[in-house]
Amino acid sequence: MREEVISARNLTKVYKMGDQEVHALRGLTTSVYRGEVVAIMGPSGSGKSTLMNILGCLDHPTAGEYILDGEEVSQLRDDQLASVRNRKVGFVFQSFNLLSRQSALSNVELPLRYSGKTTGRRERARAALESVGLADRMNHRPYELSGGQQQRVAIARSLVNEPAIIMADEPTGNLDSKVGQEIMDLLLNLNKDRGTTLIIVTHDPKVAAQTGRTIRIRDGVVEESGL
Numbered sequence: 000m001r002e003e004v005i006s007a008r009n010l011t012k013v014y015k016m017g018d019q020e021v022h023a024l025r026g027l028t029t030s031v032y033r034g035e036v037v038a039i040m041g042p043s044g045s046g047k048s049t050l051m052n053i054l055g056c057l058d059h060p061t062a063g064e065y066i067l068d069g070e071e072v073s074q075l076r077d078d079q080l081a082s083v084r085n086r087k088v089g090f091v092f093q094s095f096n097l098l099s100r101q102s103a104l105s106n107v108e109l110p111l112r113y114s115g116k117t118t119g120r121r122e123r124a125r126a127a128l129e130s131v132g133l134a135d136r137m138n139h140r141p142y143e144l145s146g147g148q149q150q151r152v153a154i155a156r157s158l159v160n161e162p163a164i165i166m167a168d169e170p171t172g173n174l175d176s177k178v179g180q181e182i183m184d185l186l187l188n189l190n191k192d193r194g195t196t197l198i199i200v201t202h203d204p205k206v207a208a209q210t211g212r213t214i215r216i217r218d219g220v221v222e223e224s225g226l
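Taking numbering that gives the first Met the number 0, the leading residue of the sequence shown gets 0, the next gets one more, and so forth.
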């Protein structure tokens, strides 16, 4: 029997804009199973980004239940949610989000610093960079790296805490097609070799076609889940 690493039930998210209420999610229900590679797709305004923020523990739902890796997180305080996020979620962003004055090694160490780990940080960061093929670029700063290499640093940073899931938001969006495919291959190999659960938010049907399942969002609900 497959194990759910993400279980979202009847999620709603309402934003107040002056006197207006914007319903970004309208009772959305979905699941992701441990070891899956899932794409999330949807048009602009579909609720896709809102869902990603909630699944990644960056925001709370207005109502509903969200269980991440066996832990109910929808009603946690902001500081508790930040702790869960650091332990259980790794992020890869389209714009890399690296600290420009820090080396690749220091960037990868950041999640370990935030989690309060005091021993073995540098060794784990080195191992993560080696796993993405950057053993010879550890002391380079982001401006000394190509776009593809910067995204590899971001991937190493996302996995250094051994999270329950990695969420990749348009991970190939700022890369040319050849380098973008190299990044996709790297992410898919992490899943194959480590069993890492991957959730990839994308507009690109070629990216989605390489995942095991596509969850399509429209008007704040799941239109199609592929289950």
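Heads up, the beta-carbon is just placed ideally off N, CA and C, and yes, glycines get one too.
Model, not experiment: these values are computed from the prediction.
When 174, 16, 170 and 149 are compared against residue 38, the one with the closest alpha-carbon: In the sequence shown, residue 38 corresponds to position 39, counting from 1. It is 170.
C-beta contact flag for residue 103 and residue 141 at 9 Å: Numbered from its first residue, the sequence shown carries residue 103 at position 104. Numbered from its first residue, the sequence shown carries residue 141 at position 142. Contact flag set, yes.
Helix, strand or coil at residue 146 according to DSSP, with G and I counted as helix: Taking the sequence shown and counting its residues from 1, one reaches residue 146 at position 147. Helix.
Three-state secondary structure (DSSP) of residue 116: Walking along the sequence shown from the start, residue 116 turns up at place 117. Coil at residue 116, not helix or strand.
Residue span of the alpha helix (DSSP H) that contains residue 176, given as start and end: By one-based count along the sequence shown, residue 176 stands at place 177. Its alpha helix (DSSP H) spans residues 176-193.
Start-to-end residues for the alpha helix (DSSP H) that takes in residue 80: The sequence position of residue 80 within the sequence shown is 81, counting from 1. Secondary structure note for residue 80: its alpha helix (DSSP H) is the uninterrupted segment 77-87.
For residue 51, three-class secondary structure by DSSP: The count along the sequence shown starts at 1 and reaches residue 51 at position 52. Reduced to three states, the DSSP call for residue 51 is helix.
Neighbour-count burial assignment, residue 106, 16 or more Cβ in a 10 Å radius: Within the sequence shown, residue 106 is the residue found at index 107, counting from 1. Under this definition residue 106 is a buried residue.
Sequence-distant residues of the same chain with beta carbon closer than 8 Å to residue 2, five excluded per side: Counted from its first residue, the sequence shown places residue 2 at position 3. Correct list, in chain order: 32 and 33.
Which of helix, strand or coil DSSP assigns to residue 158: For the purposes of this step, residue 158 is taken as the residue at position 159 of the sequence shown. Here DSSP, grouped into helix, strand and coil, assigns residue 158 to helix.
Nearest to residue 175 (by Cα), restricted to the options 152, 82 and 145: In the sequence shown, counting from the first residue as 1, residue 175 sits at position 176. Residue 175 has its Cα closest to that of 145, out of 152, 82 and 145.
Continuous beta strand (DSSP E) assignments of at least 3 residues falling wholly in the stretch 24-69: Correct list: 36-40 and 62-67.
Neighbour-count burial assignment, residue 166, 16 or more Cβ in a 10 Å radius: By one-based count along the sequence shown, residue 166 stands at place 167. Burial of residue 166 is indicated by the presence of at least 16 other C-beta atoms within 10 angstroms of its C-beta.
Per-residue DSSP class, three states only, for residue 206: As a working mapping, residue 206 is identified with position 207 in the sequence shown. Secondary structure at residue 206: helix, using DSSP grouped into helix, strand and coil.
Proximity to residue 201 [Cα-Cα], best of 85, 28, 93 and 19: Position 202 of the sequence shown, counted from the first residue, corresponds to residue 201. Residue 201 has its Cα closest to that of 93, out of 85, 28, 93 and 19.
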